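Line order of the protein sequences matches chains D and S. Sequential numbering of the first sequence, starting at 18, is according to the working numbering. Sequential numbering of the second sequence, starting at 205, is according to the working numbering. Each remark here refers to the structure printed beneath this line.
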Amino acid sequence: MDAYLLSQYVLSGLVIGLIYSLMAIGITFIYGIMKMINWSMGEFYMIGSYVQYALLATVLGWDLWYLALPLAMASVFLLGIVVQRFLLRPMYLGGIERRDEYATIITIALMVLFRNLAIVLGGPNQFSPKDYARATSLLTLPISGNRMVALVGTVVLLLLFYVLTRKTWLGRAFRGAAQNRVGIQTAGVDVLRLDMLAFGVGVALAAAAGALLAPAFLVYPENGAISTFKGFEIIVIGGLGSLMGSVVGGLLLGLIEALGSVFLSPGYKDLYGFVLLLGLLAFRPTGLFGERERTV
Amino acid sequence: MLNALRTFLLAAVAAATLAVPAFAQAPIKIGVLTPLSPPGDAAAGQFIVRGAKMAAEEINGQGGVLGGRKIELIVEDDAGTPEKGAAGLRKLVSQDHVVAVVGQFHSSVTEAVQDLAEQLKVPVFLTQASAKKLTEKHLTYTFRTHVIDPDRVTLWNKWIQQQGFKRVAILAENTDYGVGLVEETKKQFASMNVKAELKTIIFDRAVVDLTPQLLEIKNWKPDLFINVGIGTPMYLISKQAYDVGLIPATPMLISYDAPARPEYWKNLGEKGTYATFIVYYHPTMKLTPRGEAFRTRYLEQFKEQPVYGGLNAYAQVMLLADAINAAKSDKPDDIVKALLGTKFTGWNGTVAFTRGDGPYWQQWTPPMLFLQYTKPEQPFTEAKIVYPPELKTGDLMMAPKR
Numbered sequence: 018m019d020a021y022l023l024s025q026y027v028l029s030g031l032v033i034g035l036i037y038s039l040m041a042i043g044i045t046f047i048y049g050i051m052k053m054i055n056w057s058m059g060e061f062y063m064i065g066s067y068v069q070y071a072l073l074a075t076v077l078g079w080d081l082w083y084l085a086l087p088l089a090m091a092s093v094f095l096l097g098i099v100v101q102r103f104l105l106r107p108m109y110l111g112g113i114e115r116r117d118e119y120a121t122i123i124t125i126a127l128m129v130l131f132r133n134l135a136i137v138l139g140g141p142n143q144f145s146p147k148d149y150a151r152a153t154s155l156l157t158l159p160i161s162g163n164r165m166v167a168l169v170g171t172v173v174l175l176l177l178f179y180v181l182t183r184k185t186w187l188g189r190a191f192r193g194a195a196q197n198r199v200g201i202q203t204a205g206v207d208v209l210r211l212d213m214l215a216f217g218v219g220v221a222l223a224a225a226a227g228a229l230l231a232p233a234f235l236v237y238p239e240n241g242a243i244s245t246f247k248g249f250e251i252i253v254i255g256g257l258g259s260l261m262g263s264v265v266g267g268l269l270l271g272l273i274e275a276l277g278s279v280f281l282s283p284g285y286k287d288l289y290g291f292v293l294l295l296g297l298l299a300f301r302p303t304g305l306f307g308e309r310e311r312t313v
Numbered sequence: 205m206l207n208a209l210r211t212f213l214l215a216a217v218a219a220a221t222l223a224v225p226a227f228a229q230a231p232i233k234i235g236v237l238t239p240l241s242p243p244g245d246a247a248a249g250q251f252i253v254r255g256a257k258m259a260a261e262e263i264n265g266q267g268g269v270l271g272g273r274k275i276e277l278i279v280e281d282d283a284g285t286p287e288k289g290a291a292g293l294r295k296l297v298s299q300d301h302v303v304a305v306v307g308q309f310h311s312s313v314t315e316a317v318q319d320l321a322e323q324l325k326v327p328v329f330l331t332q333a334s335a336k337k338l339t340e341k342h343l344t345y346t347f348r349t350h351v352i353d354p355d356r357v358t359l360w361n362k363w364i365q366q367q368g369f370k371r372v373a374i375l376a377e378n379t380d381y382g383v384g385l386v387e388e389t390k391k392q393f394a395s396m397n398v399k400a401e402l403k404t405i406i407f408d409r410a411v412v413d414l415t416p417q418l419l420e421i422k423n424w425k426p427d428l429f430i431n432v433g434i435g436t437p438m439y440l441i442s443k444q445a446y447d448v449g450l451i452p453a454t455p456m457l458i459s460y461d462a463p464a465r466p467e468y469w470k471n472l473g474e475k476g477t478y479a480t481f482i483v484y485y486h487p488t489m490k491l492t493p494r495g496e497a498f499r500t501r502y503l504e505q506f507k508e509q510p511v512y513g514g515l516n517a518y519a520q521v522m523l524l525a526d527a528i529n530a531a532k533s534d535k536p537d538d539i540v541k542a543l544l545g546t547k548f549t550g551w552n553g554t555v556a557f558t559r560g561d562g563p564y565w566q567q568w569t570p571p572m573l574f575l576q577y578t579k580p581e582q583p584f585t586e587a588k589i590v591y592p593p594e595l596k597t598g599d600l601m602m603a604p605k606r
């Protein structure tokens, strides 16, 4: 195999891996703050893609996709806040014993509900927004305009997210809550309100991934399933709760899937990520950037 | 006490007498088990339901079957998954008491459904499931009025020979349909002595990013690319093949008739231009009076040409009504006997279910045509027939360089 083709495989894997990492960051961010896994993350991805499509097809027209993107994120952010306020917040009140089980049941129920709602409201067929941009190339890789937009959009959102968590008061509060939920309350932070915002921001990131990838991966009721699946793989590879781990884990997963599917067999594409995951768990159970729990 | 008993007995006799005509007029139920939600090809399922409903309306409008009993359709979603298909069939038979089932689309689902149908002793009709092994098993209760994959492969191999393609690449999903087509193509390349190189890649149907596989195929430099995806994978392959620059420079053959449906252009836009695809119905075809009546009604009702899935489901329900009348019974075993012993009018010719060799068991095959779109948003009715030669309305057109 020539180096040119190999570079194309590597680049295509890195591009898709980085886009998947947006989803993983949403999952790990919510986990970091609320200490719960949101199993319906893929459905927020799906809703983001539907809102994007609906806005473009009915209100904005196909060319204004860059306006639809923040609107799709904002709508899903609001939906996330409503879900958190009415369905998840109660488990943080009154000392519920089995909080993890409660969160699992609620978010799995949401997954089923949102998928079926999508079928009822939008029908079972797939939709596709028109291309966001013309095809171009990234070094040696011929790349669609849609994927290039998704790549640039992901990088911009990751940078914005970095600024939010590292350079703002709110970001400090988020990081504080991630380290110690009781401790942050002693500093006068309303941790329940913080949970609501964190859930909204996390699902808005998933919505952004759905909206950015809508023309490439289509809009249909089950389009979020694969992203959830990848997102969970990435956070375990990168380390649960680590934002850097999500990005590196995403890149690694994209790369290993691209190369494995070409050099071994495309029929087992999803297996390669799991082999990596199992190998990592055996030798480094906390993932690449995860930290061991410190207890006194 | 005696009076009370007498009154009770009289009331019971009266109730039973009244119930007899009501029972005699009870509708005969036919199940439609088809994909209506993802991951199945839900668009196909909707056309199948549409056709089946039109048949039931027509039969009931003409007085029903068996001297006045109405046909009632029970629609069930198999979602394109074997487990939902099997659960759907169980429900249709045990709860709804259907006498037959039409609408099977995905071969993998049909494989589960037909085995269960054999146990439950209810005839099941394959509307658009084409895997060879489905009729090769020689099951008593399985009937098909659709093409089988070896015939599909024979036709595309003949086309490859006629066009002089030298390097053919197939990208196929890992279902019974996709894997079956790949295996059959390999086999027939040898038996038909096709002078072309063949590259085949099978991918996991759940995967959405096929860029590495398409780059590999592009690098192999095929002069024909065959897209064996069903539903969403077909669209994902087409979009991503265009994005990496494989199509339209390399002609693409789509293995079934999805491009004939209205949503094709909405999903692909200009990326769908120059695709060649296999259909089983074309508006220029001469139909039987039954098929022609359906086409006219369909055009009036939906303001668009019927799609094959609808046409075939319509014909299957009509054929079942004929079989019920011929059997003078609504018992599944009597219906099976009638299906085997009678000739029926289909949409495109006379349908007879014989028990032939191999996959030609209780099988009727419609014609197959290769069509090509040469302009963006081209209506299905204007697509040129590029194969077979006797029906051809134009030559395969190569895309200009991008």
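Idealized CB from N, CA, C, for every residue including glycine. Note that the structure is a prediction, hence the values are computed from the model and not measured.
List, in order along the chain, the chain D residues whose C-beta lies closer than 9 Å to that of residue i?
| i | result |
| --- | --- |
| isoleucine 434(S) | Ordered by position in chain D, no residue passes the 9 Å Cβ test against isoleucine 434(S), which lies about 12 Å from the chain. |
| phenylalanine 309(S) | By Cβ distance, chain D contributes nothing, its closest Cβ being about 13 Å from phenylalanine 309(S), past 9 Å. |
| threonine 389(S) | What threonine 389(S) touches in chain D: nothing, since even the nearest Cβ is about 17 Å away. |
| phenylalanine 498(S) | Within 9 Å Cβ-Cβ: nothing; phenylalanine 498(S) doesn't reach chain D, min ~23 Å. |
Near residue i, which residues of its chain fall below 7 Å by C-beta distance, leaving aside the five closest residues on each side in sequence?
| i | result |
| --- | --- |
| tyrosine 109(D) | Leu209 and Asp212 |
| aspartate 408(S) | Asn378 |
I think residue i touches residue j, with their Cβ atoms under 8 Å apart; what is that distance to the nearest whole Å?
| i | j | result |
| --- | --- | --- |
| leucine 168(D) | valine 279(D) | 20 Å between Cβ atoms; not a contact. |
| asparagine 142(D) | alanine 247(S) | 5 Å |
| methionine 51(D) | alanine 223(D) | Their Cβ separation, rounded to whole angstroms, is 15 Å, which puts methionine 51(D) and alanine 223(D) out of contact at 8 Å. |
| valine 448(S) | proline 159(D) | 5 Å |
| leucine 305(D) | glycine 266(D) | 6 Å |
Let me see if you follow: with CB-CB separation under 9 Å, is residue i close to chain D or not?
| i | result |
| --- | --- |
| leucine 595(S) | no |
| valine 448(S) | yes |
| valine 412(S) | yes |
| threonine 415(S) | yes |
| aspartate 174(S) | Here chain S comprises residues numbered 205 to 606, so residue 174(S) is not present and cannot be evaluated. |
| alanine 226(S) | Annotation note: pLDDT 44 at alanine 226(S) (below 50); position unreliable, no value reported. |
| aspartate 408(S) | yes |
| threonine 221(S) | In this prediction, threonine 221(S) has a pLDDT of 48, which is less than 50 and means its spatial position is unreliable; what the coordinates show is noted afterwards. No, no contact with chain D. |
Please list, in chain order, the chain D residues whose beta carbon lies closer than 8 Å to that of residue i.
| i | result |
| --- | --- |
| alanine 246(S) | Gly140, Pro141 and Asn142 |
| lysine 288(S) | Per Cβ cutoff of 8 Å: no residues; lysine 288(S) is ~13 Å from chain D at best. |
Is residue i close to chain S, meaning its C-beta is less than 9 Å from at least one C-beta of that chain?
| i | result |
| --- | --- |
| glycine 266(D) | no |
| isoleucine 243(D) | yes |
| phenylalanine 191(D) | no |
| serine 57(D) | no |
| phenylalanine 234(D) | yes |
| glycine 30(D) | yes |
| aspartate 148(D) | yes |
| isoleucine 33(D) | yes |
| leucine 276(D) | yes |
Grab me the residues of residue i's own chain with a C-beta within less than 6 Å of its C-beta, minus the 5 sequence neighbours each way, in chain order.
| i | result |
| --- | --- |
| proline 487(S) | Gln509 and Thr585 |
| valine 264(D) | Ser38 |
| methionine 456(S) | Phe429, Asn431 and Ala479 |
On the CB-based measure, 16 or more other CB atoms within 10 Å of its CB, does residue i come out buried or exposed?
| i | result |
| --- | --- |
| tryptophan 568(S) | buried |
| isoleucine 528(S) | buried |
| valine 253(D) | buried |
| alanine 321(S) | buried |
| isoleucine 125(D) | exposed |
| proline 583(S) | exposed |
| proline 593(S) | exposed |
| phenylalanine 103(D) | exposed |
| methionine 128(D) | buried |
| serine 395(S) | exposed |
| lysine 233(S) | buried |
| proline 225(S) | Any reading at proline 225(S) is ruled out, since the residue's pLDDT is 46, under 50, leaving its predicted position unreliable. |
Output, in chain order, the set of chain D residues within a Cβ distance shorter than 7 Å of residue i.
| i | result |
| --- | --- |
| alanine 467(S) | A small correction: the amino acid at residue 467(S) is glutamate; alanine does not occupy that position in the sequence shown. Per Cβ cutoff of 7 Å: Asn142. |
I'd like the list of long-range same chain contacts for residue i, defined as Cβ closer than 8 Å, with 5 residues on each side in sequence excluded.
| i | result |
| --- | --- |
| alanine 299(D) | none |
| glutamate 401(S) | Lys370, Arg371 and Val372 |
| glutamate 315(S) | Pro286, Ala335, Lys337, Leu338 and Asp380 |
| methionine 258(S) | Phe498, Arg501, Tyr502, Gln505, Gly514 and Tyr518 |
Who are the neighbours of residue i on chain S, taking C-beta pairs under 7 Å?
| i | result |
| --- | --- |
| glutamine 25(D) | Leu419 |
| tyrosine 237(D) | Pro242 and Thr436 |
| valine 279(D) | Pro416 and Glu420 |
Looking at residue i and the ligand MN, is the gap between the Cβ and the nearest heavy atom below 8 Å?
| i | result |
| --- | --- |
| glycine 384(S) | With respect to the ligand MN, the structure shown offers nothing to examine, as it has no ligands at all. |
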